[in-house]
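Since the structure comes first, as structure tokens, the remarks are kept for the end.
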Amino acid sequence: MDVLQSLFALSVLLTLYHIYRRWNRISVADIPGPEPDSFLLGGSIEYYQSQAAEARPRRSTDFKWQARFGHVVRVHGILGTDRLLISDPKAIHHIYTSGYNFRKTDFRSEVTRAATGPGLAWANDETHRRQRRINSPAFGTAEARSYVPTFIQLSAEWKETLGADSSIVVNVPRFFSRFFLDVIGEVAFDYQFGATEDVNDPVAAAFFSVAPNLFSPSKPAIFILGLLEQMPSRLIEVFMKYFPSKGLKNTRYVTRIAVGVAKKLVDEKAEALLAGKGKRDVMSLLVKANVSANPRTNLSEEEMLAQMQTIMQAGHETTANTMSWTLFELTQHLDIQTKLRAEIHATEHMIHERGDTEFTAADLDSMPYTIAVMKEVLRFHPVSYNGFREAARDEILPLSKPIVTKSGKTITEIPIPKHQILVISNGGYNRNTDVFGPDARIFNPGRWLDGTVKPDANIGVYGNLLTFGSGQRACIGWRFAVYEYQAFLVELVKNFEFTMDPTLSLKVRREAAIVMIPTIEGEVAKGSQLPITIRAVDSL
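Sequential numbering of the sequence shown, starting at 49, is according to my numbering.
So this is what it looks like as structure tokens:
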């Protein structure tokens with residue numbers, strides 16, 4: 049047995065001891081849920097190998113279990129461990145508004161650290177509070193609105209790459225991923241990645257060299273994931289740094305490239321600020337806020353570099369996939385596409401009437417149907433489809449509706465033991481009929497205009513949705529993302545119409561990767577795919 053195998057065996061033994069120590073007098077064993085497939089793997093196979101937030105319940109474990117057991121489901125993990133799958137609004141509200149009593153799990157934090165460094169997405173507790181305070185000035189409402197002209201300009205430039213009279217089939221996830229990386233570079237860092245033009249930029253090349261192979265894990269991979277979720281954080285950190293898997297090697301490679309570029313840019317921003325030539329891109333504002341902060345609470349160089357990595361990696365794939373799902377829904381609902389285009393053209397006409405040529409942030413804010421379509425896509429296709437939390441102490445979880453336990457008791461709250469892992473089903477909550485109406489399982493933008501959506505759930509930062517998270521860990525760049533998304537949507541729908549081969553549309557899968565990505569049934573190995581026909585239409 050070599051050294052690596054010995055270390056792995058020792059890690060497993062330590063993890064088993066860690067699991068044993070976590071056994072608690074408080075138990076969630078009386079909560080209804082599916083029977084485990086085995087003691088070794090629990091119910092993990094079905095959960096990890098199903099689709100994410102799929103409209104047809106049989107294809108999504110979350111929705112199937114939600115329909116059968118309700119909005120709190122006990123799910124068996126590996127080696128007899130338990131987790132709770134939660135889509136109950138009151139329970140979710142409590143989890144996200146209880147400070148850091150429900151922390152990001154050690155495993156998820158260390159995966160984030162491996163991908164983006166010790167930045168905001170990684171941090172917990174006081175470190176998270178401190179980092180968020182420094183980051184906040186760069187992501188306010190005024191700052192997000194100020195980027196709209198750049199979003200519009202870049203969207204118009206991308207439109208030209210399709211050609212004025214084109215009717216072409218485009219694999220939109222690939223195009224959007226490259227475009228939104230360029231947008232992030234321009235607006236967040238004042239840096240040109242050149243991804244759309246296939247310029248040989250080292251960061252863009254590193255990102256796109258990594259194949260999307262993180263979905264439908266094998267049984268051994270599921271077992272290892274389960275072990276990692278139970279390991280102490282120091283063991284997880286060592287695993288992420290040194291385990292010789294292809295995926296982790298790729299992650300380390302991308303991180304090295306990104307850190308090199310980030311360091312150069314941070315140094316340039318700091319020099320420009322000292323020279324009185326600071327700009328208004330996100331990174332410049334972040335450097336300025338950090339210089340102005342109390343030296344005892346500001347970001348270290350490593351933390352500053354991690355913020356840039358976080359923005360790069362979190363900021364482009366999420367919007368790219370949301371845009372892909374938007375075009376998919378517009379191809380499935382041509383009446384919605386036509387109505388959306390009519391509002392865009394009407395707003396454009398009003399802009400021309402007042403003597404202007406470009407959409408402003410105020411114009412985007414004045415488009416109710418466009419905003420309704422966006423909210424419905426974000427509701428129906430939450431690219432961040434779940435969230436993992438761990439109780440930092442014994443807790444009581446309140447419920448919006450009573451549940452009946454396996455022993456027949458009716459309860460309105462659940463005792464939660466310290467270290468209990470909770471899986472918040474963003475997709476399950478976003479389809480909750482008590483919040484989003486009796487037709488919550490169908491795509492219907494009209495619900496946002498006719499009073500169907502109940503405002504009293506008070507969850508999420510945008511539209512009562514969980515898509516951007518909630519509470520202290522809500523996506524700090526959500527305003528930025530919404531304006532970016534809307535600017536590009538307006539430019540595309542204004543100039544093009546979208547259709548899809550009906551036989552292909554029936555084969556579209558919602559793949560549970562790091563984010564929810566579109567793939568084609570029978571061609572999953574090819575990675576993210578969504579072939580859409582794009583044809584130019586007359587604009588004003």
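Ideal placement from N, C-alpha and C gives every residue a C-beta, glycine not left out.
{"query": "Outcome for Gly-403 when other beta-carbon atoms lying within 10 angstroms are tallied against a minimum of 16", "result": "exposed"}
{"query": "Residue(s) in a DSSP beta bridge with Pro-579", "result": "Asn-219"}
{"query": "Gly-274, enclosing alpha helix (DSSP H) - first and last residue", "result": "267-278"}
{"query": "CB of Ala-139 within 9 Å of CB of Leu-447, strictly", "result": "yes"}
{"query": "The segment 469-487 contacting the segment 428-444, beta-carbon criterion three pairs below 8 Å", "result": "yes"}
{"query": "Simplified DSSP assignment, three categories, for Thr-386", "result": "helix"}
{"query": "Residue interval of the alpha helix (DSSP H) (run including Met-371)", "result": "349-380"}
{"query": "Counterpart residues of Met-564 in DSSP-defined beta bridges", "result": "Ala-560"}
{"query": "Glu-208, enclosing alpha helix (DSSP H) - first and last residue", "result": "196-208"}
{"query": "Close-in-space but distant-in-sequence residues of the same chain around Leu-353 (CB under 7 Å, 5 per side omitted)", "result": "Gly-165, Val-307, Ala-310, Lys-311 and Val-314"}
{"query": "Whole-angstrom C-beta distance between Thr-367 and Glu-532, which should lie under 8 Å", "result": "6 Å"}
{"query": "Under the three-state DSSP convention, the category Val-538 falls into", "result": "helix"}
{"query": "CA-to-CA distance, Trp-526 to Ile-582, given in whole angstroms", "result": "28 Å"}
{"query": "Straight-line Cα distance separating Pro-185 from Gln-380", "result": "40 Å"}
{"query": "Beta strand (DSSP E) segments (min. 3 residues) lying fully within the segment 469-497", "result": "469-473"}
{"query": "Own chain partners of Gln-240 with C-beta closer than 8 Å, once the 5 adjacent residues on each side are dropped", "result": "Asp-230, Gly-233, Glu-234, Val-247 and Asp-249"}
{"query": "DSSP beta-bridge partners of Thr-547", "result": "Thr-581"}
{"query": "Three-pair Cβ contact test at 8 Å for the segment 484-498 versus the segment 141-150", "result": "no"}
{"query": "Residue from Pro-80, Asn-346, Leu-276 and Asp-85 whose Cα sits closest to the Cα of Asn-183", "result": "Asn-346"}
{"query": "Span separating the alpha-carbon of Val-302 from that of Ile-200", "result": "29 Å"}
{"query": "Contact under 9 Å by Cβ, Arg-161 with Trp-170", "result": "yes"}
{"query": "CA-to-CA distance, Val-509 to Ile-562, given in whole angstroms", "result": "21 Å"}
{"query": "Pairwise C-alpha distance: Lys-325 and Met-331", "result": "14 Å"}
{"query": "Burial state of Glu-443 (16 or more Cβ within 10 Å)", "result": "buried"}
{"query": "At least 3 beta-carbon pairs within less than 8 Å: the segment 268-280 vs the segment 85-94", "result": "yes"}
{"query": "Sheet register partners of His-124 (DSSP bridge)", "result": "Asp-130"}
{"query": "Contact belief for Ile-469 with Glu-424 at Cβ below 8 Å, rounded distance in angstroms", "result": "Their Cβ separation, rounded to whole angstroms, is 31 Å, which puts Ile-469 and Glu-424 out of contact at 8 Å."}
{"query": "Whole-number beta carbon distance between Met-415 and Phe-536, since they are thought to touch under 8 Å", "result": "Incorrect: roughly 14 Å between the Cβ atoms, too far for contact."}
{"query": "Three-state secondary structure assigned by DSSP to Val-302", "result": "helix"}
{"query": "Alpha-carbon to alpha-carbon, Thr-209 and Ala-505", "result": "43 Å"}
{"query": "Beta-bridge pairing of Val-452 - partner residues as DSSP gives them", "result": "Thr-458"}
{"query": "Between the CA atoms of Thr-189 and Ile-580 - distance to the nearest angstrom", "result": "34 Å"}
{"query": "Reduced DSSP category for Asn-72 - H, G, I as helix; E, B as strand; rest coil", "result": "Residue confidence is low: Asn-72 scores 49 on pLDDT, short of 50, so the model does not pin down where it sits. Its coordinate-derived value is still stated next. If DSSP states are grouped into helix, strand and coil, Asn-72 belongs with coil."}
{"query": "Alpha-carbon to alpha-carbon, Thr-500 and Val-483", "result": "8 Å"}
{"query": "Sequence-distant residues of its chain with Cβ nearer than 6 Å to Lys-327 (five each side left out)", "result": "Asp-238"}
{"query": "Sequence-distant residues of the same chain with beta carbon closer than 7 Å to Ile-459, five excluded per side", "result": "Pro-450, Ile-451 and Thr-453"}
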